[in-house]
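Numbering (the numbering used here), first residue to last: 1 to 415.
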């Protein structure tokens, strides 16, 4: 059996696709289109001074993410392509980040274009140990779920290998089958890396079955137009998604995302809030009840739809990275300055943003009645009065925490 790669994300196909995307990203037509979208988005979003400070680097990521995604939209020539990555290097070329869509830093997102009138087989090998969460979600063009396969239900052989058949017919006894209705557009595959240092994504490949394609791949002109549409869509959709929380009073956690549209995942609970700290001397304390969830994460994003600094700062934290309270609940502190507690949600010097809490993988399949979050604003100087004693952390321990965090993520960026 072939040795497992340390970074199953970095396939030959992925590296070639990112270099292709980089070439298109530098094309004069795309450069001009980016500038037009840049002006549109700044006017459309009307950012505060805080969010304006995050715009330049976030804009590059969102636009490059749109380019990467747009170039894998041909169901006759499908590829398995990872989207929403941090900046990295391929063949000595700097590849921009591609985060977008209020990304979850635990998730490795991969897309495969699909047509309901074609037949495919997805081959792969599950990680060892198996992931806490892995879904093969089939979308229509509006990101509505039209098919779903839970990775925990995959039938695998003694080596962890599997095949998933995809076509317009019912399973009729076939295991690992996804029926693709006529409106099928693409698979959106989430592998959740809950233990950053130990977990690895599943290995994946795609083959279209049947006769040779009826036409050649999309032309350069077609690709350029699709990239422009995706870049514009990514900007407008991000602002629309964020408005769902930003149109409500700040610092309230009572908006739950629709799980059957807009790319949200069924069987998860998402509670989203726009937060705004009045000053650097104020902290938000969040008490979270898991409600029986095996998986939970609290990621901060800016209004451009990307997470902030997540490897060298604690811009997100999941239940495996956090310290639990004695009763099994979780307490987090969101503050501009280090509050001296382990579960610090660091907003990367931005006093406002979006916090999207996510619960998943519930015992018994349903969330408990006690699931929820309570928050309060307190003076930073009084934070330790509102958290359990085991949360306290010294400056030296903080340095070690951040060192271990960055090291545990590093494999995702290796060639």
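Backbone N, C-alpha and C fix where the C-beta goes; we use that ideal spot for every residue, glycine too.
Enumerate in chain order the residues of its own chain whose CB-to-CB distance from residue i is below 7 Å, with the five nearest sequence positions on each side excluded.
i, result
"residue 325", "331 and 388"
"residue 419", "The shown model of the chain, from 1 to 415, leaves out residue 419, and the question about it has no answer."
"residue 192", "106, 107, 131, 132, 133, 134 and 295"
"residue 150", "135"
"residue 307", "99, 103, 105, 299, 300, 301, 315 and 316"
"residue 318", "106, 194, 296 and 297"
"residue 282", "377, 379 and 380"
"residue 213", "76 and 77"
"residue 226", "70 and 73"
Taking the C-alpha atoms as reference points, what is the distance between residue i and residue j?
i, j, result
"residue 92", "residue 23", "14 Å"
"residue 182", "residue 367", "33 Å"
"residue 380", "residue 178", "51 Å"
"residue 292", "residue 39", "45 Å"
"residue 221", "residue 412", "33 Å"
"residue 95", "residue 84", "12 Å"
"residue 59", "residue 235", "9 Å"
"residue 374", "residue 253", "8 Å"
"residue 362", "residue 240", "29 Å"
"residue 56", "residue 44", "15 Å"
"residue 259", "residue 147", "Unreliable placement is indicated for residue 259, whose pLDDT of 49 sits below 50; no coordinate value is reported for it."
"residue 378", "residue 190", "36 Å"
"residue 423", "residue 186", "Because the chain here runs from 1 to 415, residue 423 falls outside it and cannot be looked at."
"residue 275", "residue 250", "5 Å"
"residue 385", "residue 404", "28 Å"
"residue 119", "residue 392", "55 Å"
"residue 174", "residue 8", "27 Å"
"residue 202", "residue 129", "10 Å"
"residue 153", "residue 171", "14 Å"
"residue 158", "residue 401", "37 Å"
"residue 2", "residue 97", "30 Å"
"residue 176", "residue 110", "18 Å"
"residue 303", "residue 365", "32 Å"
"residue 31", "residue 61", "14 Å"
"residue 395", "residue 6", "32 Å"
"residue 54", "residue 415", "28 Å"
"residue 160", "residue 238", "37 Å"
"residue 12", "residue 79", "11 Å"
"residue 382", "residue 344", "15 Å"
"residue 28", "residue 247", "37 Å"
"residue 200", "residue 320", "15 Å"
"residue 270", "residue 355", "10 Å"
Leaving aside the five residues before and after residue i along the sequence, list all residues of the same chain whose C-beta is less than 6 Å from its C-beta, in chain order.
i, result
"residue 231", "37, 63 and 66"
"residue 156", "126 and 162"
"residue 4", "none"
"residue 261", "Residue placement at residue 261 cannot be trusted, given a pLDDT of 49 that sits under 50; what the coordinates show is reported in the next sentence. So the qualifying residues of the chain are 144."
"residue 284", "334, 375 and 377"
"residue 18", "90 and 95"
"residue 10", "415"
"residue 280", "336 and 337"
Which residue or residues does DSSP assign as beta-bridge partners of residue i?
i, result
"residue 119", "209"
"residue 90", "93"
"residue 324", "330"
"residue 107", "192"
"residue 317", "298"
"residue 114", "Answer by DSSP bridge pairing: none, since residue 114 is not bridged."
"residue 256", "271"
Measure from the alpha carbon of residue i to the alpha carbon of each residue in the options, then state which is nearest.
i, options, result
"residue 49", "353, 398 and 405", "353"
"residue 52", "310, 406 and 349", "349"
"residue 223", "377, 242 and 70", "70"
"residue 86", "72, 68, 281 and 75", "68"
"residue 322", "164, 56, 398 and 117", "398"
"residue 219", "73, 28 and 164", "73"
"residue 244", "176, 207, 392 and 272", "272"
"residue 217", "2, 128, 77 and 376", "77"
"residue 167", "173, 371, 115 and 304", "115"
"residue 409", "6, 288, 281 and 197", "197"
"residue 90", "280, 16, 112 and 27", "16"
"residue 290", "371, 383 and 390", "371"
"residue 205", "123, 256 and 141", "123"
"residue 165", "121, 137 and 159", "121"
"residue 328", "305, 287, 346 and 344", "287"
"residue 360", "41, 227 and 268", "268"
Using C-beta distances below 8 Å, list every residue in its chain close to residue i, excluding the 5 sequence neighbours before and after it, in chain order.
i, result
"residue 406", "311 and 312"
"residue 263", "Note that residue 263 has pLDDT 47, beneath the 50 cutoff, so the model's placement of it is unreliable and no number is given."
"residue 117", "168 and 182"
"residue 20", "71"
"residue 233", "66"
For the ligand GDP, is there any heavy atom lying closer than 8 Å to the beta carbon of residue i?
i, result
"residue 129", "Summarising the ligand content, the structure contains no ligands, and the ligand GDP is consequently not present."
**Prompt:** Where are the alpha helix (DSSP H) runs, 4 residues long or more, that stay fully inside the segment 333 to 413, in chain order?
**Reply:** 395 to 409
**Request:** Output the residue ranges of the beta strand (DSSP E) runs that lie fully inside the segment 268 to 303 and measure 3 residues or longer, sorted by chain position.
**Result:** Listed in chain order, they are 268 to 276, 282 to 289 and 293 to 301.
**Prompt:** Can you give, in chain order, each stretch of the alpha helix (DSSP H) that sits fully within the segment 4 to 31 and has at least 4 residues?
**Reply:** Within the segment 4 to 31, the complete alpha helix (DSSP H) runs of at least 4 residues are 12 to 25.
**Request:** Would you mind listing the alpha helix (DSSP H) stretches within the segment 135 to 216 that are 4+ residues and don't spill past its ends, in chain order?
**Result:** None, since the segment 135 to 216 contains no complete alpha helix (DSSP H) of that length.
**Request:** Starting from the N-terminal side, write out each stretch of the beta strand (DSSP E) that is 3 residues or longer and does not extend beyond the segment 42 to 95.
**Result:** 81 to 83, 88 to 90 and 93 to 95
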